[in-house]
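2 protein chains.
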Amino acid sequence: MNEQPVRKTLPQLDESLLKHLPPFSKLDRRQIRAVLDQATSRRYEAGRTIFDEGAEAGRFFMLLDGYVRVVRVTPTGEQVTALHIPAGQLLGIARALGRDTYPATAITAAESIVLSWPMLLWDSFVADYDGFASETYKTVGNRVGEMNDRIIEMATQQVEQRVANALLRLINQTGRKVADGIEIDFPITRQDLSELTGTTLHTASRLLSAWEKQGLVESHRKRIKVLNPHALVVLSQGH
Amino acid sequence: MNEQPVRKTLPQLDESLLKHLPPFSKLDRRQIRAVLDQATSRRYEAGRTIFDEGAEAGRFFMLLDGYVRVVRVTPTGEQVTALHIPAGQLLGIARALGRDTYPATAITAAESIVLSWPMLLWDSFVADYDGFASETYKTVGNRVGEMNDRIIEMATQQVEQRVANALLRLINQTGRKVADGIEIDFPITRQDLSELTGTTLHTASRLLSAWEKQGLVESHRKRIKVLNPHALVVLSQGH
DNA sequence: GCGCTTCTTTGTCCCAGCGCAACGTTGCGG
DNA sequence: CCGCAACGTTGCGCTGGGACAAAGAAGCGC
Numbered sequence: 000m001n002e003q004p005v006r007k008t009l010p011q012l013d014e015s016l017l018k019h020l021p022p023f024s025k026l027d028r029r030q031i032r033a034v035l036d037q038a039t040s041r042r043y044e045a046g047r048t049i050f051d052e053g054a055e056a057g058r059f060f061m062l063l064d065g066y067v068r069v070v071r072v073t074p075t076g077e078q079v080t081a082l083h084i085p086a087g088q089l090l091g092i093a094r095a096l097g098r099d100t101y102p103a104t105a106i107t108a109a110e111s112i113v114l115s116w117p118m119l120l121w122d123s124f125v126a127d128y129d130g131f132a133s134e135t136y137k138t139v140g141n142r143v144g145e146m147n148d149r150i151i152e153m154a155t156q157q158v159e160q161r162v163a164n165a166l167l168r169l170i171n172q173t174g175r176k177v178a179d180g181i182e183i184d185f186p187i188t189r190q191d192l193s194e195l196t197g198t199t200l201h202t203a204s205r206l207l208s209a210w211e212k213q214g215l216v217e218s219h220r221k222r223i224k225v226l227n228p229h230a231l232v233v234l235s236q237g238h
Numbered sequence: 000m001n002e003q004p005v006r007k008t009l010p011q012l013d014e015s016l017l018k019h020l021p022p023f024s025k026l027d028r029r030q031i032r033a034v035l036d037q038a039t040s041r042r043y044e045a046g047r048t049i050f051d052e053g054a055e056a057g058r059f060f061m062l063l064d065g066y067v068r069v070v071r072v073t074p075t076g077e078q079v080t081a082l083h084i085p086a087g088q089l090l091g092i093a094r095a096l097g098r099d100t101y102p103a104t105a106i107t108a109a110e111s112i113v114l115s116w117p118m119l120l121w122d123s124f125v126a127d128y129d130g131f132a133s134e135t136y137k138t139v140g141n142r143v144g145e146m147n148d149r150i151i152e153m154a155t156q157q158v159e160q161r162v163a164n165a166l167l168r169l170i171n172q173t174g175r176k177v178a179d180g181i182e183i184d185f186p187i188t189r190q191d192l193s194e195l196t197g198t199t200l201h202t203a204s205r206l207l208s209a210w211e212k213q214g215l216v217e218s219h220r221k222r223i224k225v226l227n228p229h230a231l232v233v234l235s236q237g238h
């Protein structure tokens, strides 16, 4: 793990920000203050580890801004991205899974702002804040759903379909509308895409090139813009 | 879904049975009575559907005996087994995932005895029974862990390793020690194995044949006995 | 016992996609 | 402006394992 998060005051954190975070969206002013007062805020550059698989789950986190990849490392050292987590979500919520170690490693995929609280506060948050528990269930439920989908994909779909699906998921989660399409608004390499889809960098690169020739996407290093999402959907369903 | 479960008295259900079920293991006699009184018991033959993906999650279930496959069906009609659930576990606990429909279909893989309760009771169980909530978190956590593992497997491992892994998981969950090895004590076809590992019936069959020739396993239709688990472990790690 | 169905085995063919390898491209720091 | 590192592209050959096919084995009902 990296250096310990530094406790800071949170002048730059607009309280209204928390209102957009589902677990806390219904809190009143005083409660928001209480949540923020107990939080530690930290900025991570891209590529830094927030917590490591297997480490004692001492804190839980909320991603205020940026993107996080949840990865697991195989015995042979390969990385596989299990999930992408967009801003506004909780992570490292081992407690909601009845665990006391983190089940995977979280790595920032872009510069990110992360709040964290001691895991000790988990239970009191659940008790004190209405809807906190049910929102975390939903978070867990969504992630289970996503993982489920990925298992299905991996089991039944061809590489091309999987990559198309991954792209679609990414633009759904983090797409930003631009003039002529939807852009994924965080840096993503071919390598990342291949880890997400369980293929190789080479194949992912080939596919993107092919799609670019067909005018489906446009991409420059670490940037991917989808021009024709519908065609991707068609691809993802199998020709 | 099948016919509605039939409400029955539970003469044949030894109360002590419930003590082996984690979520209720710490209850006293009166509480166990209360839990049982509110349960519906039902026997399912192998291959029957307990609940369907997408259906309203009206009940939650506990598998007293038998074996259940949690499957998802792809748009093209293929079945993929997402999880195997052994006796003693809860299933259909959509509520713990903040959902009100079942996220997958549950099908019995062997004759099974299933208790169920109206989902309405979920909240009161959580409130009334100490440890119920935390045990369900653990159940969810374990399943998330398993799914995670399967994603890693599918992304990084060869078919042979995946099948070996699947077998190992099965003997861990439901292995029964016999004279010269460990037998999986419910009927499993090559087809099942292939669905679990995202390969084809044919390949699974070939692999088992090869292993049988090497003396690693012994199998007769729907029965698989592992003679040399260690060799399988070696295989599963990739030569 | 006889036929039917379900499950399993085995062989042959063939191609998607991985491994390898070499070469472009972009951006950054000095 | 240059060199280097990170990122991306492309060609080629090889092979794991999927598709197809056909036939054996076990169980089941009549």
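Chains as they are written, first to last, in numbering that gives the first Met the number 0: chain Z, 0 to 238; chain V, 0 to 238.
We put the beta carbon where it would ideally sit given N, CA and C, even for glycine.
Boundaries for Asp51 of chain V: no alpha helix (DSSP H) harbours it, and the DSSP string shows neither H nor E there.
With contacts defined by Cβ atoms closer than 8 Å, Leu26 of chain V and Phe59 of chain V do not form a contacting pair. Look at Thr138 of chain Z here: in three-state DSSP terms it is helix. Note: Arg71 of chain V is bridge-paired with V:Val79 in the DSSP secondary-structure output. Look at Pro74 of chain V: its C-beta is under 8 Å from a C-beta on chain Z. If you ignore the 5 residues before and after Ala109 of chain Z, its C-beta comes within less than 7 Å of the C-beta of Ala45, Gly65, Tyr66, Phe185 and Pro186, all in its own chain and listed in chain order. Under a 10 Å Cβ-count criterion, Ser24 of chain V is classified as exposed, with fewer than 16 other Cβ atoms of the shown protein chains found around its own Cβ. The C-beta of Asp191 of chain V has 16 or more other C-beta atoms within 10 Å across all chains shown, which makes the residue buried. Under the three-state reduction of DSSP, Gly174 of chain V is assigned to strand.
If you draw a 10 Å sphere on the C-beta of Val139 of chain V, you find 16 or more other C-beta atoms in it, and that means buried. The Cβ atoms of Thr48 of chain Z and Thr104 of chain Z sit closer than 8 Å to each other.
With a threshold of 16 other beta carbon atoms within 10 Å, Leu231 of chain Z meets it and is buried. For Gln78 of chain Z, same chain residues with a beta-carbon under 7 Å away, outside a window of 5 residues either side, are Val70, Val72 and Glu194 in chain order.
Ranked by Cα distance from Leu63 of chain V, the first of V:Glu145, V:Pro74, V:Ser115 and V:Gln157 is V:Ser115. Below the 8 Å Cβ cutoff, chain Z contributes Pro74 as neighbours of Gln236 of chain V, in chain order. For the segment 85-111 of chain V, not one full-length alpha helix (DSSP H) segment reaches 4 residues or more. Cα atoms of Thr80 of chain Z and Asp148 of chain V: separation of roughly 12 Å, rounded to the nearest angstrom.
Sixteen is the threshold: since fewer than 16 other Cβ atoms of the shown chains lie within 10 Å of the Cβ of Asn171 of chain Z, the residue is exposed. At least one beta carbon of chain V lies nearer than 8 Å to the beta carbon of Ile151 of chain Z. By the C-beta density criterion, Pro22 of chain Z is buried, having at least 16 other C-beta atoms within 10 angstroms. For Ile31 of chain V, the closest alpha carbon among the candidates V:Leu215, V:Leu119, V:Tyr43 and V:Ser15 is that of V:Ser15.
Interface annotation, Ala126 of chain V: not in contact with chain Z, CB-CB separation never under 8 Å. The Cβ of Ser133 of chain V sits closer than 8 Å to at least one Cβ of chain Z.
Residue burial is scored here from C-beta neighbours: Arg29 of chain V has fewer than 16 other C-beta atoms within 10 angstroms and is therefore classed as exposed. In this structure, the straight-line span from the alpha carbon of Glu55 of chain V to that of Lys221 of chain Z is close to 42 Å. Put simply, the CB of Ala103 of chain V is near chain Z, with a gap under 8 Å to one of its CB atoms. In this structure, the CA atom of Val225 of chain Z is about 48 Å from the CA atom of Ser123 of chain V. Below the 7 Å Cβ cutoff, chain V contributes no neighbours of Glu159 of chain Z, its closest Cβ being approximately 15 Å away. Its chain contains Pro22, Phe124 and Val125 as the residues whose beta carbon lies nearer than 6 Å to that of Phe131 of chain V, once the 5 sequence neighbours on both sides are disregarded; these appear in chain order.
Under the DSSP assignment, Ser218 of chain Z falls in the beta strand (DSSP E) whose first and last residues are Val216 to His219. Assigned with DSSP and collapsed to three states, Leu62 of chain V falls in strand.
For Leu96 of chain Z, a Cβ of chain V is located within less than 8 Å of the residue's own Cβ.
Following the DSSP letters along the chain, one finds Ser40 of chain V inside the beta strand (DSSP E) bounded by residues Thr39 to Tyr43. Closer than 8 Å to the CB of Glu77 of chain V there is at least one CB belonging to chain Z. Against chain V, the beta carbon of Met146 of chain Z has neighbours under 8 Å at Val143, Met146, Asn147 and Ile150, listed in chain order. For Arg189 of chain Z, no Cβ of chain V is located within less than 8 Å of the residue's own Cβ.
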